[in-house]
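According to the working numbering, the residues represented by the sequence shown are -19 to 245, in order.
What follows is a single structure, written as structure tokens, with notes after it.
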Amino acid sequence: MEKFQKTAIVVGGSSGIGCAVCTRLSERGWNVVNISRTPCKSSSVKNITADVAAGSTLSDVITKVGEKYGIDVLVYCAGFSMAAPIEYAKESDYRYLFDVNFFGALKAVQATIPFMKARGGRMVLVGSIGGDLPIIFDSFYSASKAALEMLAREAYSELRPYGIKVTAFLPGGTATGFTFKRKVYSDDENKAYAQSVNRAVVALAEMEQGGMSPAAVAEDIYKLILADKPPVVKASGFKNSAYRIMSHVMPEKVTLYINDRVYRQ
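The structure is reproduced here in structure tokens:
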């Protein structure tokens, strides 16, 4: 095994938050390995091409990285989003979404555990405030991020005896190209929901592009990695933290009403 001071695997580090995390870690002297379909442009990052939706391939790649370098940190950033009404959503689309957003993370965690058991480590699973408060007409994204948050909670309890610290990190709106990669169903596919879907897509895009910078979000993730006692669940930024607290304190119907107004302006 080649010796490096610290090795971090970032899954989904080709752009956006993941790329910013790769850059932040490499700037601090980490040995950074990005696993994604397209490479991270940072010259100091090692890139391995893999489709996170193909679980066995992702597991094999992580195992090879672990055998070569060891693994101190895993950051799972891969994500896919689709705007579509539940009634007309295609099975192939929502299954692919869950493969990327949830099952890929599960495979990454499973493949990483053996390399962290002996010496401990950090895992950060990038979820979303949308996992606590539903994103209207992006319901499968919200559902997958809620599942990811619960996976992190469970992994925290199971892996704590081995010195492995797990956190579900929840960004809110972030100004990245993810906004423009979202799969949006056509008006013909959305049928009677078309106008509502279009309004929700515009509201979500404005929220994202008016949100935090990926560099600021990456800095929050880096602080989590260094923290002696990282929280099990952490929202990014004051506004998102307050929004999340509101969702847990206020009556459910009131919270959903306010959330509904955000996407139906």
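Backbone N, C-alpha and C fix where the C-beta goes; we use that ideal spot for every residue, glycine too.
Predicted model only: the values in this text are computed from it and were never measured.
List the endpoints of the continuous alpha helix (DSSP H) containing residue i.
i, result
"PHE120", "119 to 139"
"ASN14", "Counting along the chain, ASN14 falls outside any alpha helix (DSSP H), though it belongs to the beta strand (DSSP E) covering 11 to 16."
"ILE93", "84 to 96"
"THR156", "Looking at the DSSP string, THR156 is not in any alpha helix (DSSP H), and its letter there is neither H nor E."
"LEU206", "194 to 206"
"ARG75", "71 to 78"
Out of curiosity, what's the CA-to-CA distance linking residue i and residue j?
i, j, result
"VAL212", "VAL12", "24 Å"
"ILE93", "PRO65", "37 Å"
"GLN175", "ASP167", "8 Å"
"TYR68", "GLY111", "21 Å"
"ARG162", "LYS48", "35 Å"
"ARG224", "ILE115", "13 Å"
"VAL105", "ALA172", "The displayed chain sequence assigns Leu, not Val, to residue 105. When rounded, the distance between both Cα atoms is 36 Å."
"ALA123", "ARG99", "33 Å"
"ILE28", "ASN14", "6 Å"
"TYR243", "ALA183", "6 Å"
"LEU113", "SER227", "7 Å"
Given a threshold of 16 other Cβ atoms within 10 Å of its Cβ, counted over all protein chains shown, does residue i qualify as buried or as exposed?
i, result
"SER16", "buried"
"PRO151", "buried"
"GLU(-18)", "In this prediction, GLU(-18) scores a pLDDT of 49, lower than 50, which makes its location untrustworthy; the coordinate-derived value is nonetheless stated afterwards. So GLU(-18) counts as exposed."
"LYS44", "exposed"
"PRO141", "exposed"
"GLY157", "exposed"
"TYR165", "buried"
Which first and last residues belong to the beta strand (DSSP E) in which residue i is found?
i, result
"THR147", "144 to 150"
"ASN27", "26 to 29"
Checking 9 Å against the spacing of the C-beta atoms, do residue i and residue j come in under that value?
i, j, result
"TYR121", "GLY59", "yes"
"ILE42", "ALA85", "no"
"PRO231", "ARG102", "no"
"VAL55", "GLY(-2)", "yes"
"THR154", "GLY(-4)", "yes"
"GLY(-8)", "VAL32", "yes"
"ASP118", "SER72", "no"
"PHE149", "LEU204", "yes"
"LEU131", "PHE82", "yes"
"TYR25", "CYS2", "Position check: residue 25 holds Val in this sequence, whereas Tyr was assumed. Cβ atoms of VAL25 and CYS2: closer than 9 Å."
"GLU138", "GLY107", "no"
Kindly give me the distance between the Cβ atoms of residue i and residue j, rounded to whole angstroms, as I take these residues to be in contact under 8 Å.
i, j, result
"TRP10", "ALA(-12)", "5 Å"
"SER216", "ASP200", "5 Å"
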